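Single-structure report; data block below.
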């Protein structure tokens, strides 16, 4: 599986991302062909090799006419959907702009449809967004991961005057994303860069397990005290003792050993953890030092939620510390079948690879109570009806 890792050493912007993709092997002529599928004009693109503090990188530049029409999200949607781009490129490109619009709307306190972009709607941003998404598509990248983000500091000048770094829209876009301290001043992550990486990457953290096949460096426009570059690392995801039918990702695991807390609190804590984005919650009886009976609390969560949920556990329990780690996970693909039974409808999870059928327990429980019949009857009926449906449709 072709995988890309976006290493935001010195932040990320749209032009840096395209520069890195070109440096990693995206043909410049193919990039131009892709952009020509979109009805936008009044710009020229170029690229060149530059040396950024000892690192050779590709600098991508868009030169656009000085005056651009003010565009709202509907205008951008028409441009993207009216293009001849592949369907997937259209969908992802519009999603990037939708995230930008939502962030700007929240910052300015107005509805999304009333946001009129200036920098965001300019031709160069359209080129950066569509060009980046098209490049990943052309290179047949199936999985994208990214590092934590250094935001920078200080102030930056925009249409509204001087604003703090990170820009308010950038700050909105990187919520729930792992950040790291940056010793450098200046805007390292632009709103466009933030929208691209948070839309494209499925998780943030260390480089995933893969066999590296290539890399590329994209140069920022500014000369900073450090190499102002970001890089793309390309590779093939390793698949040990598995095959292509399984999805894989990385998951966060938080653990804490507790021996002095009222056990009634665990029920409340479980609801709170799951509400705040946890994927699973369970407790295991253990013996601790001095042979004290205790409980090991375990929470599974997306990597982006690890710090938030660790903080929540420290506040809500008596533990004085949490352990955090990441682990690789293989997952069977599944979908929901809406099954009609004599007692009502039940959602049944179905995995075609494993042939597993799992009725939604809470729905079965409710139907059993409503109909005055045994719970196991509802459960078994839902499974048997699902089997009939699958046989008839030959799914």
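Numbering (our numbering), first residue to last: 85 to 479. All C-beta atoms in this analysis are idealised placements derived from N, C-alpha and C, irrespective of residue type, glycine included. Keep in mind the model is a prediction, meaning the values are calculated, not measured.
- Within the model, the alpha-carbon separation for residue 278 versus residue 315 is close to 15 Å.
- Rounded to the nearest whole angstrom, the CA to CA distance from residue 128 to residue 249 is 29 Å.
- Excluding residues up to 5 positions away in sequence, 187, 278, 279 and 282 lie with their Cβ nearer than 6 Å to the Cβ of residue 257 in the same chain.
- Under the three-state reduction of DSSP output, residue 274 falls in the coil class, being neither helix nor strand.
- Shown here, residue 164 sits in a helix according to DSSP, grouped into three states.
- The beta-carbon separation of residue 413 and residue 357, rounded to 18 Å, does not stay under the 8 Å limit for a contact.
- If you draw a straight line from the Cα of residue 163 to the Cα of residue 101, it is about 22 Å long.
- Distance from residue 317 to residue 383 at the Cβ level is roughly 30 Å; contact not present, criterion being Cβ atoms closer than 8 Å.
- Remark: C-beta atoms of residue 296 and residue 86 do not approach each other more closely than 7 Å.
- In its chain, beyond the 5 residues on either side, 427, 428 and 462 have a beta carbon closer than 8 Å to the beta carbon of residue 455.
- With a contact defined as Cβ atoms closer than 8 Å, residue 387 and residue 287 qualify at about 5 Å.
- Around the CB of residue 377, fewer than 16 other CB atoms lie within 10 Å, so the residue is classed as exposed.
- Residue burial is scored here from C-beta neighbours: residue 352 has fewer than 16 other C-beta atoms within 10 angstroms and is therefore classed as exposed.
- When C-alpha distances from residue 432 are compared across 425, 442 and 438, the shortest belongs to 442.
- DSSP places residue 448 within a helical segment (H, G or I) once states are collapsed to three.
- Within the segment 245-302, the beta strand (DSSP E) runs of at least 3 residues that lie entirely inside it are, in chain order, 245-248.
- Straight across, the Cα-Cα distance linking residue 141 with residue 305 is about 11 Å.
- The beta carbon of residue 138 is closer than 8 Å to those of 311 in its chain, skipping five residues each way along the sequence.
- Assignment of beta-bridge partners to residue 140 by DSSP yields 135.
- For residue 99, the enclosing alpha helix (DSSP H) stretches over residues 98-107.
- In the pairwise beta carbon analysis, the segment 115-134 is classified as not touching the segment 228-239: fewer than three pairs are separated by under 8 Å.
- Residue burial annotation: residue 213 is buried, with at least 16 other C-beta atoms found within 10 angstroms of its C-beta.
- Per DSSP, residue 353 is one residue of the alpha helix (DSSP H) stretching across 349-359.
- Straight-line spacing of the CA atoms in residue 379 and residue 398 works out to 15 Å.
- When the beta-carbon positions are compared, residue 274 and residue 97 come within less than 7 Å of each other.
- Under the 10 Å beta carbon count, residue 178 is surrounded by 16 or more other beta carbons and is classified as buried.
- Residue 301 and residue 313 have their C-alpha atoms spaced approximately 6 Å apart.
- Membership of residue 314 in the beta strand (DSSP E) is indicated by the continuous run 313-321.
- The Cβ atoms of residue 234 and residue 103 do not sit closer than 7 Å to each other.
- Here residue 212 is not bridged, per DSSP, to any residue.
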